[in-house]
Amino acid sequence: MKDATEAPPAGTPPSPAPERWEQQHQPQQQQQHQQPKINQQLQQQLQQLQHQEQQYQQYHQQQQYQQQYHQQQQQQQQQQRQQQQHQQQQQQQQQQQQQQQDLNMLKQQYNYQLQLKQQQLQNSAGGISSSGAYAAGQSVQQARPSGCGGSTPSGQVQVVRADKRAYSWAPKPLLWEIECTHCECNDVSALPKEQRILRHRREAGGPSVSTMRLGRLFQGDFFRMVLPDESFYSQVSREHFQIWAEEWPPTSSPSNSRAQNLPCSFFLTNFGTVGTDVDGIALDVRGQQAPLHNGSTVSLLRLVATADGFTTKVPFLEFRFSLEGSVLADAEAEHAQLPGAAAVLSAMHPRTASFSSVSSKPGAQARQDGVGSAASSVSVEPPAIFPSDSPPGVLGDAVRGGTSFMGADVEPIFILEVGGTGIQSGVNSEHRCIIHGPSAAACAAAPGCEVPCPSLVLGGDLQPGFWHRLLAAHVIKGFAKQLLKIEVDECRSPDQRRFHVRNLGDLSIRVESSTQEGGSGCSGVLEKAESCPLHHGDIILVTSEQGSSMWMAFRELLASQGSRAHSKPAANGVTGMCSARATGMHNQLPGDSAALQDDFDQDDAGRRADDQALADCLASPE
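Positions 1 to 622 (full-length UniProt numbering) are the ones given, in order, by the sequence shown.
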């Protein structure tokens with residue numbers, strides 16, 4: 001055997017060592033194993049680069065959009081500034097034109113007065129009396145006798161006509177003015193007084209009094225001036241409130257220094273979204289109104305958040321109502337010296353009144369709603385402390401046979417005659433009758449169709465002028481603000497029309513029925529919110545106190561002959577007498593007004609005796 005350690009034969013290459021071979025091939029194997037990972041990392045980096053590129057593109061687009069938006073905003077603002085400047089230039093031009101017109105008016109007025117003065121001097125120098133000629137717009141110059149240096153032939157008359165165009169330049173009469181006295185965001189005391197005042201004048205050929213409307217829509221430049229802060233300016237509504245006046249008949253008091261001025265009652269109606277404050281009275285509902293007097297304070301309200309998370313209304317702009325230099329006068333001051341005016345004014349001064357919908361005149365919406373003075377639409381009327389022949393607009397509309405709260409255009413359905421010992425002496429019988437029904441125009445517009453008759457609501461706050469003219473002072477003090485309501489139920493036809501009386505006051509009222517057949521009448525006491533049927537000839541006893549009473553006799557005018565037969569006069573004394581009288585009156589209205597007038601015009605002493613007897617009869621226990 002050969003030795004193991006025997007060397008290989010000659011010419012055979014030596015075999016590589018195993019360790020060197022592994023060292024040479026190991027990096028290649030590692031590189032082959034890491035190649036997928038490297039490829040994956042490269043792909044991730046590529047995706048990140050693509051995502052960054054997308055973000056950059058989006059950012060670039062946003063920058064371009066913002067630049068375009070800012071450019072558009074700048075263009076719009078520039079256009080708005082140009083428009084505002086153009087409007088300001090137009091306003092300045094209009095103001096300059098107005099000032100030039102005013103200056104020309106003053107010049108013409110001055111020249112006209114100067115001509116009149118010169119003419120008067122010439123006439124007085126020539127011994128000619130021209131009194132009365134200038135009042136007529138003409139001056140008559142009569143020639144002086146011969147020998148006095150006259151240049152005009154004797155007996156000739158020269159007529160010099162005044163320039164009537166100068167009269168058109170006369171200033172318009174002032175009705176009232178309001179002055180801005182305080183502003184939360186501006187010191188208005190630094191402004192000239194003329195710029196702080198808004199004047200309301202009477203238009204040439206227009207009514208004696210007109211409504212003044214205030215808001216951004218009507219006085220935009222004024223509110224821009226006193227409210228430079230846009231946040232405060234936006235708090236003013238387009239129409240924030242209205243100021244209007246209701247005429248009174250002029251007084252005849254010789255001690256009145258302003259007797260030539262027209263007495264009126266002044267009111268403010270709120271139209272603002274947040275509200276208006278008048279002498280501490282907050283009007284926060286559209287259509288609410290409050291009385292105004294000389295020196296009254298009017299404040300515009302805005303909402304302010306409190307620390308506890310609630311909101312409150314605070315004034316931010318304040319005005320003062322003034323009648324200085326006005327052709328109108330405060331009716332309360334004008335009538336204060338009349339007998340009994342103090343008690344009437346203290347009882348009649350309403351704090352606020354609201355309308356179910358807005359109306360520029362008191363009572364207008366009430367007539368549209370058909371209640372004459374419904375509880376949901378209160379009508380404020382001036383106190384009736386003047387004679388009974390005052391204009392109908394103050395005390396209701398005078399119609400044939402009585403007074404209507406539905407307007408003069410009324411189709412009578414029923415009458416309420418007021419009587420009792422609480423009635424003032426000397427009141428005409430027509431002033432004691434309330435005539436009610438639907439609108440005659442509505443009936444004529446729908447021939448053959450039944451126009452429903454609205455309910456009638458009576459009370460001291462609803463028809464104040466009527467009750468103050470009718471009732472005595474001690475009865476007025478305890479008179480209910482809302483007394484009663486006459487409801488009309490027209491279920492089938494006018495022949496089957498039914499009436500109900502409902503008590504609206506806190507005090508009870510009593511109804512004495514004249515119906516005896518069938519027991520369908522109501523005779524008893526009605527508490528608050530209670531009602532009962534009402535028939536032709538029934539008597540409603542409203543007040544029954546010691547020495548004073550007031551009742552209302554109900555008379556249906558359009559009942560058929562058959563239904564009237566059921567309303568027979570009661571046999572219990574004065575109640576039967578009143579029912580019989582009502583039946584006779586029913587046969588006369590509305591055809592024979594002369595017979596109705598004769599029936600109403602009774603002796604006052606006899607009427608009061610009957611009223612006292614009726615009160616005693618109704619007040620007696622059953």
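The beta carbon of each residue, even a glycine, is placed where N, CA and C say it ideally should be.
{"Item": "Write down the C-beta distance between V209 and L174 rounded to the nearest angstrom, noting that I regard them as a contact closer than 8 Å.", "Value": "So it is not a contact: roughly 12 Å between Cβ atoms."}
{"Item": "Please identify the residue among H536, S189, Q74 whose C-alpha is closest to the C-alpha of V511.", "Value": "H536"}
{"Item": "Using the C-alpha atoms, what's the distance from Q84 back to P383?", "Value": "Because P383 sits at a pLDDT of 36, beneath the cut-off of 50, its placement in the model cannot be relied upon, and the point is left open."}
{"Item": "Between the Cα of S237 and those of S296, I540, N270, spot the shortest distance and give me the residue it belongs to.", "Value": "N270"}
{"Item": "Could you pull out every unbroken beta strand (DSSP E) segment of at least 3 residues lying fully inside the stretch 256-302, listed in chain order?", "Value": "262-270, 276-278, 281-283, 289-292"}
{"Item": "If you reduce the DSSP assignment to three classes, tell me which class V451 lands in.", "Value": "coil"}
{"Item": "Could you give the first and the last residue of the continuous beta strand (DSSP E) run that contains I178?", "Value": "174-183"}
{"Item": "Tell me whether E230 is buried or exposed, calling it buried when 16 or more other Cβ atoms sit within 10 Å of its Cβ.", "Value": "exposed"}
{"Item": "When DSSP labels each residue in this structure, what does Q463 get in the three-state scheme?", "Value": "coil"}
{"Item": "For G220, which of helix, strand or coil comes out of DSSP?", "Value": "helix"}
{"Item": "Looking at C-alpha atoms only, which residue of I423, G419, N428, Q89 is the closest neighbour of A398?", "Value": "N428"}
{"Item": "S299 and D277 look like a contact to me (Cβ under 8 Å); what is the Cβ gap, rounded to whole Å?", "Value": "4 Å"}
{"Item": "Where does K528 fall in DSSP's three states?", "Value": "coil"}
{"Item": "Out of G205, N503, L198, which has the shortest C-alpha to C-alpha gap to G220?", "Value": "L198"}
{"Item": "Excluding the five sequence neighbours on either side, which residues of its own chain have a C-beta within less than 7 Å of the C-beta of S508, listed in chain order?", "Value": "V525, L526, E527"}
{"Item": "Assuming P263 contacts W248 under a Cβ cut-off of 8 Å, what Cβ separation, rounded to an integer in Å, is found between them?", "Value": "4 Å"}
{"Item": "Here's a check: name, in chain order, each residue in its chain whose Cβ is nearer than 7 Å to the Cβ of W467, leaving out the five neighbours to either side.", "Value": "G460, I476, F479"}
{"Item": "Where do the N-terminal and C-terminal ends of the beta strand (DSSP E) with F321 fall, by residue?", "Value": "311-322"}
{"Item": "In angstroms with no decimal places, state the Cα-to-Cα distance between A331 and N261.", "Value": "10 Å"}
{"Item": "Could you spell out where the alpha helix (DSSP H) holding V475 opens and where it closes?", "Value": "473-477"}
{"Item": "Given that a residue counts as buried once 16 or more other Cβ atoms are within 10 Å of its Cβ, and exposed if not, what is T312?", "Value": "exposed"}
{"Item": "Starting from E230, follow the alpha helix (DSSP H) in both directions and report where the run begins and ends.", "Value": "230-233"}
{"Item": "In or out: G206 buried (at least 16 other Cβ within 10 Å) or exposed?", "Value": "exposed"}
{"Item": "Checking the sheet assignment: what are the DSSP bridge partners for Q242?", "Value": "R213, T269"}
{"Item": "Can you give me the Cβ contacts of Q32 inside the same chain, cut-off strictly under 8 Å, excluding the 5 residues immediately before and after it?", "Value": "none"}
{"Item": "Just mark P447 as buried or exposed, buried being the case when its beta carbon has 16 or more other beta carbons within 10 Å.", "Value": "exposed"}
{"Item": "Excluding five sequence neighbours on each side, which residues of the same chain lie with their C-beta closer than 6 Å to the C-beta of G437?", "Value": "V410, E411, P412, I413, C453"}
{"Item": "Can you grab the Cα-Cα spacing for the pair Q195 / C183, in whole Å?", "Value": "14 Å"}
{"Item": "Does V327 come out as helix, strand or coil in the three-state DSSP assignment?", "Value": "coil"}
{"Item": "Going along the chain, which unbroken runs of the beta strand (DSSP E) with 3 or more residues stay wholly within the stretch 58-104?", "Value": "none"}
{"Item": "Please report the Cβ distance between F499 and L534, rounded to the nearest whole angstrom; I am assuming they are in contact, meaning their Cβ atoms lie under 8 Å.", "Value": "4 Å"}
{"Item": "Under three-state DSSP, which class holds L507?", "Value": "coil"}
{"Item": "Using DSSP with H/G/I as helix, E/B as strand and the rest coil, what is S332?", "Value": "A quick correction: the sequence has Glu, not Ser, at residue 332. It is helical."}
{"Item": "Classify K485 as helix, strand or coil using the three-state DSSP reduction.", "Value": "strand"}
{"Item": "I'd like the list of long-range same chain contacts for H240, defined as Cβ closer than 7 Å, with 5 residues on each side in sequence excluded.", "Value": "L214, G215, F271, G272, T276, L300"}
{"Item": "So, is R81 buried or exposed, given that buried needs 16 or more other C-beta atoms within 10 angstroms?", "Value": "exposed"}
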